[in-house]
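What follows is a single structure, written as structure tokens, with notes after it.
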Amino acid sequence: MKVKIQVIVESKNDEAPIVEELAELSRDDLTPETLGLTLDEAKNLLANLQSTMVTQQVDQYVEKQRRCTHCGKSRPRKGHHQIVYRTLFGKMKLQSPRLYTCACQQEKRQSESPIASLLPERTAPELLYLQTKWASLMSYGLTIDRLSDVLPIETNVATVYRNLHKVAQRTDNELEEERHIYIDGCPRDWGNLPRPDAPITVGIDGCYVHAREGENRKAGWFEVIVGKSITGEGDKKCFGFVNDYDSKPKRRLFEILQKQGMQMNQTITFLSDGGDTVRDLQFDLSPLAEHLLDWFHVTMRITIMRQMAKGLPNEPSQEIDKKLERIKW
Ligand SMILES: [Zn+2]
Numbered sequence: 065m066k067v068k069i070q071v072i073v074e075s076k077n078d079e080a081p082i083v084e085e086l087a088e089l090s091r092d093d094l095t096p097e098t099l100g101l102t103l104d105e106a107k108n109l110l111a112n113l114q115s116t117m118v119t120q121q122v123d124q125y126v127e128k129q130r131r132c133t134h135c136g137k138s139r140p141r142k143g144h145h146q147i148v149y150r151t152l153f154g155k156m157k158l159q160s161p162r163l164y165t166c167a168c169q170q171e172k173r174q175s176e177s178p179i180a181s182l183l184p185e186r187t188a189p190e191l192l193y194l195q196t197k198w199a200s201l202m203s204y205g206l207t208i209d210r211l212s213d214v215l216p217i218e219t220n221v222a223t224v225y226r227n228l229h230k231v232a233q234r235t236d237n238e239l240e241e242e243r244h245i246y247i248d249g250c251p252r253d254w255g256n257l258p259r260p261d262a263p264i265t266v267g268i269d270g271c272y273v274h275a276r277e278g279e280n281r282k283a284g285w286f287e288v289i290v291g292k293s294i295t296g297e298g299d300k301k302c303f304g305f306v307n308d309y310d311s312k313p314k315r316r317l318f319e320i321l322q323k324q325g326m327q328m329n330q331t332i333t334f335l336s337d338g339g340d341t342v343r344d345l346q347f348d349l350s351p352l353a354e355h356l357l358d359w360f361h362v363t364m365r366i367t368i369m370r371q372m373a374k375g376l377p378n379e380p381s382q383e384i385d386k387k388l389e390r391i392k393w
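Have a look at this one:
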């Protein structure tokens with residue numbers, strides 16, 4: 065059996081439709097492997113469809129741009145170059161002509177590239193989204209491997225790295241100024257607010273990480289603070305930053321709480337080890353905040369004390385151990 069896959073592009077005017085063949089698949093015996101499309105065939109099909117569609121769209125756009133919108137005359141061409149545009153379904157090479165502005169608009173001859181100005185970013189938004197999302201969860205190399213497993217993607221580590229940092233910088237620039245206190249309004253106003261949702265619970269912890277400078281893997285230390293905010297409905301958001309390096313740590317946490325619908329009349333429970341840096345972060349975010357030492361950090365200290373007690377002579381050791389167990393519970 066043979067399956068031919070064609071694409072028919074119809075334009076609005078009376079021109080004849082464009083027919084292009086995308087793929088020809090042949091099958092003999094039916095086996096689990098030959099039933100339907102294989103991954104490679106699907107990727108090829110997507111890449112060919114994308115290429116045909118993008119070429120037609122770009123051609124039509126350029127054709128429209130060639131006509132002056134004021135007098136209808138054709139604008140002369142100054143030359144053309146190629147633009148590389150990365151999409152979820154392949155790397156496209158777009159023909160981008162340079163056109164002169166029409167003489168009816170400007171006496172001095174100037175030129176522009178309509179496609180280059182239409183696509184200032186050379187990565188399609190959906191590809192940028194997926195790349196950034198995955199690269200923020202795993203290495204750049206793994207991101208490319210996993211995406212190319214299922215999609216006809218052609219990209220490299222440098223591009224993913226550059227794009228991720230651009231997006232990160234943009235979201236950082238969108239953060240408003242840091243403040244010391246985020247509690248807004250007065251208790252009388254808070255009483256008039258709608259009934260708040262169930263309390264939000266925020267767990268915060270910090271740890272020290274070896275810094276690296278060039279080949280030197282022990283270039284001092286830095287403190288990383290991470291946390292998770294969970295609403296009563298179970299919506300979770302994580303955050304993290306490097307202490308002393310991030311200039312807006314409190315704003316970052318405040319924005320997360322805002323996105324989770326925090327109101328000034330809502331209880332927020334902060335769980336932490338009570339360390340100075342995490343305490344500074346959680347104060348003055350809400351008037352109804354509760355600050356608790358979390359179970360993990362409390363028991364960790366008791367575990368250490370029980371181990372110390374084991375070094376004592378038998379009788380006092382057992383006595384202390386019993387007391388510590390009671391304190392724990
Ligand atoms: Zn004109």
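Per my numbering, the very first residue in the sequence shown carries number 65; after that it's consecutive. C-beta: ideal position from N, C-alpha, C; glycine also. From a predicted model like this one, the values you see are computed outputs, not experimental measurements.
For aspartate 269, the closest alpha carbon among the candidates Thr341, Asp213, Asp253 and Pro313 is that of Thr341. Secondary structure at proline 161: strand, using DSSP grouped into helix, strand and coil. Under DSSP, tyrosine 272 takes part in a beta bridge, and its partners are Glu287.
Annotated as proximal: proline 216 and alanine 111, with beta-carbon spacing under 8 Å. Inter-residue distance for arginine 234 and glutamate 190 is about 17 Å (C-alpha atoms, whole angstroms). By the beta-carbon neighbour count (other beta carbons within 10 angstroms, threshold 16), proline 377 is exposed.
Cysteine 135 and glutamine 129 have their C-alpha atoms roughly 13 Å apart. Cβ neighbours of lysine 157 within its own chain (closer than 7 Å, five residues either side excluded): Gln146 and Val148. In the three-state scheme derived from DSSP, where H, G and I count as helix and E and B as strand, arginine 173 is classed as coil. Rounded to the nearest angstrom, the gap between the Cα atoms of glutamate 127 and asparagine 77 is 13 Å.
The beta carbon of threonine 187 is closer than 7 Å to those of Arg150 and Asn227 in its chain, skipping five residues each way along the sequence. The set of residues with CB atoms less than 6 Å from any heavy atom of ligand 1 reads, in chain order, Cys132, His134, Cys135, Lys137, Cys166, Cys168 and Gln169.
In the structure shown, phenylalanine 360 adopts helical secondary structure according to DSSP, grouped into three states.
Between the region 286–300 and the region 240–257 there are fewer than three inter-stretch CB-CB distances shorter than 8 Å, so the stretches are not counted as touching. Counting only runs of at least 4 residues, the region 311–362 fully encloses the following alpha helix (DSSP H) elements, listed from N- to C-terminal order: 313–323 and 340–346.
Cα atoms of threonine 295 and isoleucine 332: separation of roughly 9 Å, rounded to the nearest angstrom. For tyrosine 149, the uninterrupted beta strand (DSSP E) run begins and ends at 141–151, by DSSP. The beta carbons of glutamate 242 and lysine 323 sit no closer together than 8 Å.
Straight-line measurement puts the Cα of valine 231 at about 36 Å from the Cα of histidine 361. Shown here, lysine 292 sits in a strand according to DSSP, grouped into three states. Residue pairing by DSSP places alanine 199 in no beta bridge whatsoever. Within a 10 Å sphere around the beta-carbon of threonine 196 sit 16 or more other beta-carbons, which makes this residue buried. Taking the CA atoms as reference points, tyrosine 272 sits about 51 Å from glutamate 97. Arginine 186 sits in coil when the DSSP states are folded into three classes, being neither helix nor strand. Under the three-state reduction of DSSP, asparagine 280 is assigned to strand.
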